[in-house]
Structure formats: structure tokens, C-alpha cells
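Per the working numbering, the very first residue in the sequence shown carries number 2; after that it's consecutive.
Yeah, the Cβ is synthetic: ideal placement off N, Cα and C, and Gly gets one too.
Just so it is clear, the structure is predicted and the values come from calculations on it, not from any experiment.
What follows is a set of notes on a single structure, which appears directly below.
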Amino acid sequence: MRSFTVIGTLILLILSTACTTTGDGITSPTGTDLLNTGKGLDNSVDECRTIMMIISSQAVIFYACNGTYPNTLEELDLAGIVCPGCGLPHQMVGTDTDFFVTCPIPSLPNHGSMLNGVSSWNQTFVDECRATMRTIASQCVIFYAINGTYPADMEELGEPYSEMTCPECGEHYNLKGDTEHFALDCPLPPVISHGSIVDGIVSWIGEPGNGQDACRANMRTIASQCVIFYALNSRYPKTLEEMGMAGVVCPGCCLDYQLIGTETDFYIGCPLPSDPSHGFIDNGISSW
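Structure (C-alpha cells):
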């Protein structure tokens, strides 16, 4: 339980908990109020959704450590986090196989919800499928942190992830992993496939006009790995090489990301040599 508390996450992955344009968030294990909750921020919709993605990421790591999802924010050590629009705590329900997080605004439409890491907002078949793949990829990273190897297939990854399917075709995802790499594919035929994720990097980074989204997805992946690294080493990495992510670059300029890590904090910045760049992630909180 100690290792979970200091993780303070969300992968994967991040990765794990977002549609293609607003990926998964991670929170800092330092316990500081990095979310600026309850401040009446102008962009309360985006802020609330970012918070829900952080909660969702925490829930995934909680599951990896405890074999069940949390039923309250208190179990995640996130009590006091509120929707910046209404100032009320987010609502959460967790069981052995599923979890649900929703905005507490007492009217519809509210800021949305997340079911098993998949958001309710702006979802097409493509968005939903890619969000699901991010969730599975995040779990692969957690599996590696615990076992020293990636899951060989979806069956080894286990439920509920092994039961997740592409929303368009209803087929299960294809996963192959070993001690060094993992590859996750949408089950649709290649011509119409929603893409794939290899070692945490999404295949759709080269799509026209998607440089910013792809760069931000890369930074979330790096942030997820930073949190896992912290859980194993009690400090954040100082370089991408320490995490085995050398060569991951911004798709807009092909330069290496800026990474600063200490015992208590980490910072990831887009290297785009122009202003504005694609943004940054400071202790798991994105600038966008």
C-alpha cells in the first residue's frame, strides 16, 4: 500500500484514460494541491475533465496494487479534490471489475464522466477505441513495473482489460509483449484500423494536422513512465534514457523532449523552437 501512496499517479499511459485530444493525466506524489481545485477557473470544463482523468489514472494503479477498484476518493488519498465549476467533490463508484467517475454538477449537461478509463465526451468510434487502447497500454506499463516483463497477451493481462473490445467491430484487441516491448493493435483490418500502440507510442502521430495532439500524447506517456520510475526508485528520472525512452521525439520538430527530474518533482517540455510550443507537463499537470 505504501508504494501506491507514493505513486500518486496516471499512466499511460498515460495513456490510460483519455480520448485522443485530451489524454490521461498524472498527479504528483508530493501531496501538494497541484490541481488548483475549487479556484473558479475560467476553463472549468477542461479542468474538471483533467481531474477526472487523474482520478481514473489513480484508480487503475490502485487496481494493480490491490486487485479491486477504489470506491471512494479517500481510498486514493484524493479527498478534497473538487470540480472547479461547482466546488463539489467528484463522485466515484468502484467494484472488483469496474469503476465510474463523474462530474458532480447537479444539472445536465455536466462536465461528463469516465467509465473504466474511457471518457464520455467527444467520442466517435475512433476516439473511443483509441482511448481504450490507451487504458490497456497504461495497464501494460503497470504490469511491467510489478512483474519485470510486459504481458504476453490479453489473457495474461487479465480482466477487465482482456474483455475490452473495439466499439466499432466488437472484437478483442491484439496484444503481444515480452521482457522489453509490447504492441497493442485495434482488431479491425489494417485499411480501416483505428491504429496501434507500441511501447507506449501511438501510431496515429503522423496523421495530418495531428502534430500537437501526438506530441501531447507522447508527453503523457513519458509522464506515466516517470510515475512508475518514481514508484520503483523513490526519485524521478533525469533523462529519457533512464526509462528506456531515448529516441522519443516531438513529431512536429523531431527534437528530444526536455526532462527535468528530482527526488520530488518532474517536468516535461515540448522542444518545439517556437512560441507557443505544444506545452509541458509539470508534476503530472498539463499546461493545456
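For residue 253 versus residue 279, is the C-beta distance shorter than 8 Å? yes
Looking at residue 142: is its Cβ nearer than 8 Å to the Cβ of residue 225? yes
Of all Cβ atoms in chain B, is any one closer than 8 Å to the Cβ of residue 248? Considering every chain present, this structure includes no chain B. It has just one protein chain.
Give me, in chain order, the residues of the same chain whose beta-carbon lies closer than 6 Å to that of residue 99; leave out the 5 immediate sequence neighbours on both sides. 117
Cβ pair residue 93, residue 71 closer than 8 Å: yes
DSSP three-state call for residue 57: helix, strand or coil? helix
Ignore the nearest five residues each way along the sequence and tell me which others in residue 203's own chain have a CB closer than 6 Å to its CB. 218
C-beta contact flag for residue 201 and residue 222 at 8 Å: yes
May I have the straight-line CA-CA distance separating residue 185 from residue 136, to the nearest angstrom? 11 Å
Short of 7 Å in beta carbon distance, which residues of its chain neighbour residue 288, apart from the five on each side in sequence? Order them along the chain. 280, 281
Tell me whether the beta-carbon of residue 155 lies closer than 8 Å to the beta-carbon of residue 173. yes
Spatial distance of residue 216 from residue 67 (CA atoms): 32 Å
Beta-carbon proximity check, residue 205 vs residue 212, cutoff 8 Å: no
N-terminal and C-terminal residue of the alpha helix (DSSP H) that residue 229 is part of: 212–234
Closest residue to residue 61 among 111, 133, 80 (Cα-Cα distance): 133
Using a 10 Å radius around the Cβ and a threshold of 16 neighbouring Cβ atoms, would you call residue 128 buried or exposed? buried
My assumption, with CB atoms under 8 Å, is that residue 146 sits in contact with residue 229. Please give the rounded CB distance. 5 Å
Buried or exposed, going by whether 16 or more other CB atoms sit within 10 Å of the CB of residue 235? exposed
Can you tell me where the alpha helix (DSSP H) holding residue 197 begins and where it ends? Residue 197 -> not in any alpha helix (DSSP H); beta strand (DSSP E) instead, spanning 197–199.
Quick one, which of 153, 260, 90, 256 has its alpha-carbon nearest residue 240's? 260
C-beta contact flag for residue 249 and residue 237 at 8 Å: no
Just to check my reading of the structure: residue 227 and residue 251 have Cβ atoms closer than 8 Å, yes? What is that Cβ distance to the nearest angstrom? Rounded, the Cβ-Cβ distance is 17 Å, inconsistent with contact.
Whole-number beta carbon distance between residue 121 and residue 102, since they are thought to touch under 8 Å: Rounded, the Cβ-Cβ distance is 10 Å, inconsistent with contact.
Report the residue from 47, 55, 49, 104 whose alpha carbon sits nearest the alpha carbon of residue 78. 55
In three-state DSSP terms, what is residue 153? coil
If you check the beta carbons only, do residue 105 and residue 87 fall under 8 Å apart? yes
By the 10 Å Cβ neighbour count, where 16 or more other Cβ atoms means buried, how is residue 167 classified, buried or exposed? buried
Please identify the residue among 191, 150, 214, 96 whose C-alpha is closest to the C-alpha of residue 160. 96
Taking just the CA atoms, how far does residue 112 sit from residue 50? 7 Å
Taking the alpha-carbon positions, what's the residue 232 to residue 170 distance? 37 Å
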